[in-house]
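Asks: Got a structure for you, written out below as structure tokens; questions coming shortly.
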Amino acid sequence: MISDLLSNLNWGHYNYWIIIVLMMVGLYAVIARGNLIKKIVGLNIFQTSVFMLYISLGKVDGGTAPILEEGLTRPFSNPLPHVLILTAIVVGIATTALALALVLRIKAVYGTIEEDELEEADNKTEAEEAQLAADILGADDNRGGAH
Amino acid sequence: MASPEIILAAAEAGHIVTAAAGTHVGTHGATHHEAPGLLDIIRNNLPALQVLVPLTLAPLITLLNNRNLSWLLAMVGTSVSLLIAVVLTTQVLDGSVISYALGNWAPPLGIELRVDAANALVLLIVAAIGTCAAIYARPSVDKELGMTEQPLFYTAFLLCFSGLLGVTITGDAFNLFVFLEISSLSTYALVAMGAKQDRRALNAAYNYLILGTVGATFYVIGLGLAYMMTGTLNMADLAQRLPDLMGSGTLWVAFGFITIGLATKLAMFPLHFWLPNAYTYAPSVVTGFLAATATKVAVYALIRFIFTVFGADFAVEAQLFGKVLLPLGLIGIIAGSLVAIWQVNAKRILAFSSVAQIGYMLVGLGLMSLTGLTATMLHMFNHALMKGALFFALGAVMWKLGGVTLDKMRGAGKLMPWTMAAFVGGGLSLVGVPTTVGFISKWYLLNAAFEREWYWLIAILLITSLMAAVYMWRVFEVAYLRPAPEGVQKGEAPLLLLIPTWALVLANFWFGLNATTTVNLAETAARGLLGLTGGAN
Amino acid sequence: MISMSFDLAIALSLIIPVVGTILIGMSGDRPNQRETVTLLTAISLFAVTLWLLPQVAAGARPEVSFFEVLPGMPLKFVIEPLGMLFATIASGLWIVNSIYAIGYMRNTGEVNHTRFFMCFPISIGAALGMAYAGNLFTLFIFYEVLTLSTYPLVAHRETEEAKKGARIYLGVLLTTSIGLLLPAIIATYMLTGTTDFTAGGILADHVSPTTATILLALFMFGIGKAALMPFHKWLPSAMVAPTPVSSVLHAVAVVKAGVFSVLKIGIYIFGIDYLADADLTFWLQAVSAFTLVTASIIALTKDNLKARLAYSTISQLAYVVFGLSLATAAGFMGGSLQIAMHAVGKITLFYFAGAIYVAHHKTEVSQLNGLGRKMPLSFIAYTIGALSIIGLPPFGGAWPKFVLMEGAVDAGQPLLIAVLIISSLLNIAYLLPITVRGFFLKPDGEDTPAPFSWDGVKEAPFMVLAPLCFTAFLCFVMFFAVDAVEGLIAPILN
């Protein structure tokens, strides 16, 4: 059964396989890794897979680099995906830079960049807040709330 | 792997698209009959100016690095955009479409900016709320972010503003991604600025960043696949080519990725987890601005893709409405309303309420009718007014009382009567009391549900309205029926905070009593999206 | 001098309350000025209503559409006799109540007077808006405004008890209006294409009898202000409010708005003939009869005077719904008469409750023994009001009962007369003991009652006592005014 499945798959489009693997690795890192930096790394891997998707889409069989020059007779690869990906790479860089800046600040303020520790700290704050609110509002009620 | 033929075919098709798209198309761009006057240049390039004015002012603010100038420039940027948005809206009220070629490069190879009734509505929302936010920002930012580094705030604000406008006005799918990321990145930075008041803003911003970037990347994947099949990125051109490729499995996948990507941005359940924290811990002016605009723009983008690019038939075949939008919208409404009741932080209550309200918009889509789509477009406008007013009022409370947890808001009704009156006004609108915009939205949603004879939906909508009354009433009671804590002076927030808030509250009532204009605009938009001819009655 | 026209009159009816509220708000720190504004607002509003009354009685049907809120849904006002009746009662009794409220608030140490007096004009304005509403949409708008504007009045004392009572008040009214009334209105709109009040009803040819029955149920229970069981809980809960609130709002404005809406929808959306022909109201007869009797029985068990009066109100309101459920002209007339007569009678009873609180700080029926010697005028006024509610001539309340009995016979349900008689007996049982206790029983702690002397009399202050006596007198006057009321309403029933 599996061998049938495997033989039916089109190994010629190996670029898609690589892309999918990278995508899944990246997403896994984002979701499963608790360290904030590792999440960013995962995000980058994920984005890289997308870049490769576009670029591989643009490749033409037997095509040369899409640079305009005199006497160009050979087919050339599609330049548009390259352009799109340049934009996307820049966006990715900006995102990574912003994310790293946030991580720096988080480290400075919280002292840790592990997700579970951060969550614990935040939950603690939230619980304290809720308790405080409940106490004050409850005390009010007991006083009768009279003017 | 694409072949060169597709590129050439796209170039040829370019002419057909520009001519065929829309009932009335005016191709704008600087023409060369005689030397055009300045006013003509401006008028011809309005769509581009809509985005460019705030976009160019943003780095200027950082360069000038002056606290007062940055606020001034922010106000200039937003109000000019508002003016442009109003002018553009008047031009498309009758159902026509404005097509603008950026840099005079003809679509579909060049980037096109398109304005029709649907995105004119959204442009208006973003520009109006942005202007209010810019005026509002001064005292709020002074209090919450301190006196230094304010230019950075205003820069990020204007970038976000222009990004949102760009998403709305563009007719090119990849351009949408670029603007989407411009607005999102600046949003992450803006949310993180709330760390001065509450350090949890940093985590909120980080999580928003991760989830938002994954969403945007999903969108890019979907777009890549669609590009691979059709060879074009222009939305109108895609719309022309996609029907021929209907059976393709790649297109289903593309559609799926794009939908999920945008769903992340618009906080559809279960991709909404970033929203409560981001809204709660961001600075007040940021929350007010974002709650009223960011998710609406994402909803608009989704609508644009569903109806204009892929076409309603495709979506129906994909069972998008019945199996995705409707159930997830409903869960969002119920879950959002339920969770909101138990919160102790007023901003958090409103954040979960926003999740519920976005659910209403999705349900309107899921109803698959003209009335349903009209209700969604209408609710985008109305909800912006409601949440803008509510969050701005809370920002004023924050300014005076230092926090918006229920214990800090005790007696706020007596300490800050005007502010809390504004909050009550917005709250009544949220509940859907007649004479407010909230009622108008509910009326249309209920009408749409009635048309389909989905009585269970009517019941759910009404029950969740009552839940909205419950969680709003918690705040009202604490503010009005409890004594203020000892030692707090009575005193209102500054005028710069009150005036934009009250402008939005009065707009709630004005458009609640005079809904004809907004309803007509929404209906024209809906008709345009569904491809029905004729403007609204 | 601006000449009065219908448009102007209707506009004024809405503007005067708003202006009054603003002026009252601005006079916050000058009590005498504030009270004067209250009285002037009430008087000018009544004047406008009086200007309209004879013309509507003569057959005029002023109609004004102000603007379209939604495409196809204008804010529309049409004055017809039933609305005119309600408006006259509401605005007339409001003057009396303003005087009473001023007297009460100043003599009981209540606080937050400004907020209190600001909410009244809005509430009465909303009631008038409902009275003059020309379509369901307008009616609904003002219905909700009335609920919201009376909430601060109910929660006024801000004690835990008050907050809880106000929460129940708001909860029940909003749940019924948003959950039942709004869908009914939308359904009507979707089924018939309009929400206009039209003579003869709009539903007859558009819906099947089953749908009509469901719609009727949604309407009747959706109008929570009519306090039909099981949605009656808000009424006793609202008794935590100061008595001026209970008196005008819960004897006159809020509850009357509810039963007024019931009658208005019955006759202008459904139509008496349609109700009778399609036999849509048989279940309503049972529900209203049940409410009638049960509420009276509960009233018997209540020692707190205001609670007793609250359940009495629930019972008396059911008379109106009962009248509609008979689906005959006489039944409808009886219901309309009940709106007028009960308002005057009940307000007397509530004024009495407030008077004994102000003068002697008594709230329970069992505390009233022998009090009649100290407050003879109040108790006499109370007795008059009670007799009117019970339905004995020569007081106004006799007429609704009589006409309703006539209506029951017309409807071919003579057994329902038994319901009316039982309820009258129950009314006697829970209302008259107060008179008996006051005049004929010894006060606790005294073995032999002191002989009566005018020196021992300690009535409530003048501003509290005068309205009480006035409304009692009105009960008597209304007995003779029945022809005028019948003449006003009769044209609708042709």
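Protein chains in written order, with the working numbering: chain A, 1446 to 1592; chain B, 1131 to 1667; chain C, 229 to 722. Think of the CB as a built atom: it goes at the ideal place given N, C-alpha and C, for glycine as much as any other residue. Nothing here was measured: the structure is a model prediction, and the numbers come from that model.
Any C-beta of chain B within less than 9 Å: which residues of the region 384 to 416 of chain C qualify?
Replies: Within the region 384 to 416 of chain C, the qualifying residues are Glu-386, Ala-390, Lys-391, Ala-394, Arg-395, Leu-398, Gly-399, Leu-402, Thr-403, Ile-406, Gly-407, Leu-408, Leu-410, Pro-411, Ile-414, Ala-415.
Asks: Under three-state DSSP, which class holds Asn-1577 (chain B)?
Replies: Note: Asn-1577 (chain B) maps to helix in three-state DSSP.
Asks: Could you have a look at Asp-1506 (chain A) and say whether DSSP puts it in helix, strand or coil?
Replies: Asp-1506 (chain A) falls in the coil class under three-state DSSP.
Asks: Determine the direct distance from the alpha carbon of Ser-1226 (chain B) to that of Gly-1152 (chain B), and round the result to whole angstroms.
Replies: Unreliable positioning characterises Gly-1152 (chain B) in this predicted model, as indicated by a pLDDT of 33, which lies under 50. The coordinate reading is nonetheless provided below. Between Gly-1152 (chain B) and Ser-1226 (chain B), the C-alpha separation is close to 7 Å.
Asks: Just the C-alpha distance for Val-468 (chain C) and Val-692 (chain C), rounded to the nearest angstrom, thanks.
Replies: Roughly 19 Å between the two C-alpha positions.
Asks: Using a threshold of 7 Å, state whether the C-beta atoms of Lys-1395 (chain B) and Ala-1514 (chain B) are closer than that.
Replies: No. Outside cutoff.
Asks: Under DSSP, the alpha helix (DSSP H) around Val-692 (chain C) begins and ends at which residues?
Replies: Taken as a continuous stretch (DSSP letters only), the alpha helix (DSSP H) holding Val-692 (chain C) covers 690 to 708.
Asks: The alpha helix (DSSP H) with Pro-464 (chain C) in it runs from where to where?
Replies: Residues 462 to 465.
Asks: Give me the Cβ distance between Glu-634 (chain C) and Ala-517 (chain C), rounded to the nearest whole Å; I'm assuming they're in contact under 8 Å.
Replies: About 17 Å separates the two Cβ atoms, so there is no contact after all.
Asks: Using a 10 Å radius around the Cβ and a threshold of 16 neighbouring Cβ atoms, would you call Phe-668 (chain C) buried or exposed?
Replies: Label assigned to Phe-668 (chain C): exposed.
Asks: Mapping DSSP to helix, strand and coil, what is Asn-1644 (chain B)?
Replies: Coil, per DSSP.
Asks: Just list the residues that DSSP pairs Arg-1244 (chain B) with in beta bridges.
Replies: Answer is B:Ser-1229, bridged to Arg-1244 (chain B).
Asks: Sorted by chain position, which residues of the same chain lie with C-beta nearer than 6 Å to Gly-573 (chain C)'s C-beta, five sequence neighbours on each side aside?
Replies: Correct list, in chain order: Gly-613, Ser-616, Ile-617, Gly-625, Cys-703.
Asks: Using a C-beta to C-beta distance shorter than 9 Å, which residues of chain B count as neighbours of Leu-298 (chain C)?
Replies: Simply Ile-1570, Trp-1573, Tyr-1574, Ala-1645, Thr-1646, Val-1649.
Asks: Is the region 1206 to 1216 of chain B touching the region 1275 to 1295 of chain B, taking contact as three or more C-beta pairs under 8 Å?
Replies: Yes, since at least three Cβ pairs between the region 1206 to 1216 of chain B and the region 1275 to 1295 of chain B fall closer than 8 Å, the two stretches touch.
Asks: In three-state terms, what does DSSP make of Phe-1403 (chain B)?
Replies: Reduced to three states, the DSSP call for Phe-1403 (chain B) is coil.
Asks: For the region 1461 to 1488 of chain B, enumerate the residues whose C-beta is nearer than 8 Å to any C-beta of chain C, in chain order.
Replies: Of all residues in the region 1461 to 1488 of chain B, none has a Cβ within less than 8 Å of some Cβ in chain C.
Asks: Taking the alpha-carbon positions, what's the Ala-275 (chain C) to Gly-320 (chain C) distance?
Replies: Each residue's Cα considered, the two are about 9 Å apart.
Asks: Which one or two residues does DSSP pair with Phe-305 (chain C) in a beta bridge?
Replies: According to DSSP, Phe-305 (chain C) bridges with C:Val-292, C:Ala-361.
Asks: Can you find a C-beta in chain B that's less than 7 Å from the C-beta of Met-229 (chain C)?
Replies: The predicted model places Met-229 (chain C) with a pLDDT of 48, which falls under 50 and marks its position as unreliable; any figure quoted below should be read in that light. By this cut-off, Met-229 (chain C) is not an interface position.
Asks: Report, in whole angstroms, the separation of the C-beta atoms of Thr-420 (chain C) and Ile-413 (chain C), which I expect to be a contact under 8 Å.
Replies: Not a contact, Cβ separation roughly 11 Å.
Asks: Can you tell me where the alpha helix (DSSP H) with Ile-526 (chain C) in it begins and where it stops?
Replies: Where Ile-526 (chain C) is concerned, the enclosing alpha helix (DSSP H) stretches over 510 to 529.
Asks: Along the chain, where does the alpha helix (DSSP H) that runs through Phe-1451 (chain B) open and close?
Replies: First-last for Phe-1451 (chain B): undefined, no H or E at that position.
Asks: Name the residues in the region 1327 to 1360 of chain B whose C-beta lies less than 7 Å from a C-beta of chain A; which are they?
Replies: Against chain A - using a Cβ distance shorter than 7 Å - the residues of the region 1327 to 1360 of chain B are Arg-1329, Arg-1330, Leu-1332, Asn-1333, Ala-1335, Tyr-1336, Leu-1339, Ile-1340, Thr-1343, Val-1344, Thr-1347, Val-1350, Ile-1351, Gly-1354, Met-1358.
Asks: For Leu-1531 (chain A), is the classification buried or exposed, using 16 other Cβ atoms within 10 angstroms of its Cβ as the cut-off for buried?
Replies: Flag for Leu-1531 (chain A) reads exposed.
Asks: Label Asn-1523 (chain A) either buried or exposed according to how many other C-beta atoms from any shown protein chain fall within 10 Å of its C-beta, with 16 as the threshold for buried.
Replies: Buried.
Asks: For a test of the three-state rule: what should DSSP assign to Asn-532 (chain C), helix, strand or coil?
Replies: Correct three-state label for Asn-532 (chain C): strand.
Asks: Just list the alpha helix (DSSP H) runs in the region 1343 to 1391 of chain B, keeping only unbroken ones of 4 residues or longer that don't cross its boundaries, in chain order.
Replies: Listed in chain order, the complete alpha helix (DSSP H) runs (minimum 4 residues) inside the region 1343 to 1391 of chain B are 1365 to 1371.
Asks: At the 7 Å Cβ level, is Ile-1588 (chain B) part of the contact set with chain C, yes or no?
Replies: Yes - at least one Cβ of chain C is within 7 Å of the one on Ile-1588 (chain B).
Asks: Would you decide whether Val-246 (chain C) is buried or exposed? Buried here means 16 or more other CB atoms lie within 10 Å of its CB.
Replies: Val-246 (chain C) is exposed by the Cβ-count criterion.
Asks: Taking Cβ-Cβ distances shorter than 7 Å, what residues in chain B pair up with Leu-1563 (chain A)?
Replies: Within chain B, the residues near Leu-1563 (chain A) are Asn-1333.
Asks: Quick check on Asn-1638 (chain B): does DSSP put it in helix, strand or coil?
Replies: DSSP places Asn-1638 (chain B) in helix when its eight states are reduced to three.
Asks: Within the same chain, show all residues whose beta-carbon is closer than 6 Å to that of Thr-1380 (chain B), passing over the 5 residues directly before and after it, in chain order.
Replies: Excluding residues within five positions, the ones whose Cβ falls inside 6 Å are Leu-1355, Met-1359.
Asks: Pick out whichever of B:Ile-1255, B:Leu-1202, B:Trp-1235 has its Cα sitting closest to the Cα of Leu-1218 (chain B).
Replies: Of B:Ile-1255, B:Leu-1202, B:Trp-1235, the residue nearest in Cα terms is B:Ile-1255.
Asks: Let's test the definition: count the other Cβ atoms within 10 Å of the Cβ of Trp-1472 (chain B) and tell me whether it reaches 16, buried, or not, exposed.
Replies: That one is exposed.
Asks: Counting only runs of 3+ residues fully inside the region 1551 to 1614 of chain B, write out the beta strand (DSSP E) ranges in chain order.
Replies: Taking only runs of at least 3 residues, no beta strand (DSSP E) segment lies wholly in the region 1551 to 1614 of chain B.
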